[in-house]
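For the sequence shown, full-length UniProt numbering begins at 1 and goes up steadily by one.
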Amino acid sequence: MDKSQKSGHRCLPKRIILVRHGESQGNLDMAAYTTTPDCRIPLTPLGVVQARTAGERIQQVVSEGGRAARWKVYFYVSPYERTRATLREIGRAFPRKRIIGVREECRIREQDFGNFQVEERMKVIKETRERFGRFFFRFPEGESAADVFDRVASFMESLWRDIDMRRLEQDDNLDVNLVIVSHGLTSRVFLMKWFKWTVDQFELLNNPDNCEFRVMQLGPGGEYSLAIHHTPAELQLWGLSPEMIADQQWRATTVRGSWYENCPWHLDNFFHHLKDSSDDDGSSDECYNA
C-alpha cells in the first residue's frame, strides 16, 4: 500500500468527458425503431466519421495538444450498438498504451421508450411529453428521465468506488481521463446529478449533438467544472441559466467544501421569501428545547 492510500488521499481523474454517440439510423429515420430494437440501431456512415473526428478531438484535449506527457484514458460505454460502434471509432485516435481499460456499463444506456415503436404513435406521445414535462413523463412500457436519473445515480456510486479503490490506475503523477460514451438524455441526467441541478434546471437543457462531448475538468480546489474547458457562450447554448453558469465558474477556482456559502442561489430557490436578518430571536433554541 502506497503512502497516499495509507493517508486516505483521494486521487481524482483530471477530466470526466461525456460523449453522445454518432448519428444513428434512428436519428436519420424514426421508422427504424418500428423494425429494429433500439439497442441494435447502428451508426450511419456519417456517424462513423463523426466518431472518428470526436476521437481525434478528445485525444487533443486529454494530451493538451501534445504538450502533456503522462496521461491515460479509461472508457465506460453504453451496451447499445451505436455507442459501442462510436467507441470503436473514437479508440482509433489512442495508442494502446494510453488506454487503461474499458467497461460496458448497462446503467448508462439510452432511456427506454418501449419495445418496437409505432412511428405515428410515438410522435403523439412525444408531443404529450412536451406538455407534461420531460423529466417526469414516463413512456408507456418505458422509462421517464427520473427513472434514468435513479440508475445513473447508482452508476455514479460505482464510479466513486472505482476511484476510491484505485481501479483506474490513478497516480499523483499521471493524468487519468474518464470518457463516458453514452446518450444525450443520459449525459444530461449525469450532469444534473453531479452538479445538483434541480428538475426545473434540467428542463432548460438542450440535447447534445451527435458526437458532441462535454468536459468536466478538475479545478485546483478539487471541484469539477464545465467552465474550465468550455466558454460561457457554449454553456448558454446548452441551456444553462446565468446562475448555473456562475456556479460552473465558481467551481473552476473554488476551494472544496464552501459550496453553500458561495452559491446562495441554491437556497434562494426555496427560501427567497425569508427575510435576511442578523437578529436571533432564540426561536430555534426554543424549538429544540421543547
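Here a beta-carbon is modelled for each residue, glycine too, at the ideal position from N, C-alpha and C.
None of these values were measured; they are calculated from a predicted model.
Just to confirm the assignment, what range does the alpha helix (DSSP H) spanning residue i have?
{"i": "Met182", "result": "The sequence given here places Ser at residue 182; Met does not occur at that position. Careful: Ser182 lies outside any alpha helix (DSSP H), inside the beta strand (DSSP E) at 175-182."}
{"i": "Gly101", "result": "Per DSSP, Gly101 belongs to no alpha helix (DSSP H); it is in the beta strand (DSSP E), 99-104."}
{"i": "Val48", "result": "45-62"}
{"i": "Gln25", "result": "25-28"}
{"i": "Arg121", "result": "119-132"}
{"i": "Val152", "result": "145-164"}
{"i": "Leu205", "result": "Segment: none, Leu205 is in no alpha helix (DSSP H) and carries neither H nor E."}
{"i": "Glu81", "result": "81-90"}
Where does residue i sit, in a helix, a strand or coil, going by DSSP?
{"i": "Val199", "result": "helix"}
{"i": "Ile16", "result": "strand"}
{"i": "Phe75", "result": "strand"}
{"i": "Asp247", "result": "helix"}
{"i": "Asp112", "result": "coil"}
{"i": "Asp38", "result": "helix"}
When we look at the beta-carbon of residue i and count the other beta-carbons within 10 Å, is it buried (16 or more) or exposed?
{"i": "Asn173", "result": "exposed"}
{"i": "Cys106", "result": "exposed"}
{"i": "Lys72", "result": "buried"}
{"i": "Arg92", "result": "exposed"}
{"i": "Arg251", "result": "buried"}
{"i": "Pro13", "result": "buried"}
{"i": "Ser283", "result": "For Ser283, the pLDDT reaches just 48, beneath the cut-off of 50, and the residue's location in the model is therefore unreliable, leaving the point undetermined."}
{"i": "Gln170", "result": "buried"}
{"i": "Ile16", "result": "buried"}
{"i": "Gly222", "result": "exposed"}
{"i": "Pro140", "result": "exposed"}
{"i": "Val255", "result": "exposed"}
{"i": "Arg167", "result": "exposed"}
Of the residues the options, which one's Cα is nearest the Cα of residue i?
{"i": "Phe195", "options": "Leu240, Asp147, Gln111", "result": "Leu240"}
{"i": "Phe94", "options": "Gln60, Cys11, Ser154", "result": "Gln60"}
{"i": "Ala145", "options": "Glu157, Ser158, Thr186", "result": "Thr186"}
{"i": "Ala153", "options": "Glu141, Gly133, Leu168, Arg188", "result": "Arg188"}
{"i": "Cys39", "options": "Gly26, Gln50, Thr198", "result": "Gly26"}
{"i": "Asp150", "options": "Glu120, Ile99, Asp162, Lys193", "result": "Lys193"}
{"i": "Leu28", "options": "Leu43, Gln249, Ile17", "result": "Leu43"}
{"i": "Glu56", "options": "Ser24, Asp175, Glu89", "result": "Glu89"}
{"i": "Gly66", "options": "Ala31, Met165, Arg98", "result": "Arg98"}
{"i": "Gly114", "options": "Pro37, Gln201, Thr198", "result": "Pro37"}
{"i": "Cys211", "options": "Val179, Phe202, Tyr224", "result": "Val179"}
{"i": "Ser182", "options": "Trp197, Arg214, Pro242", "result": "Arg214"}
{"i": "Gly47", "options": "Leu191, Arg161, Leu87", "result": "Leu87"}
{"i": "Gln201", "options": "Arg134, Thr253, Leu159", "result": "Arg134"}
{"i": "Tyr76", "options": "Val102, Ile58, Gln249, Ala68", "result": "Val102"}
{"i": "Glu234", "options": "Asp112, Ala69, Asn207", "result": "Asn207"}
{"i": "Gln50", "options": "Ser24, Ala69, Arg70", "result": "Ser24"}
{"i": "Leu18", "options": "Thr35, Thr83, Ala31, Ile163", "result": "Thr83"}
{"i": "Ile108", "options": "Phe155, Tyr224, Pro220, Asp147", "result": "Phe155"}
{"i": "Cys31", "options": "Phe132, Tyr80, Thr231, Lys123", "result": "Residue 31 is actually Ala in this sequence, not Cys. Nearest C-alpha to Ala31: Lys123."}
Item to check | In chain order, each beta strand (DSSP E) run of at least 3 residues that lies wholly inside the stretch 208-241 | outcome: Whole beta strand (DSSP E) segments, 3+ residues: 213-218.
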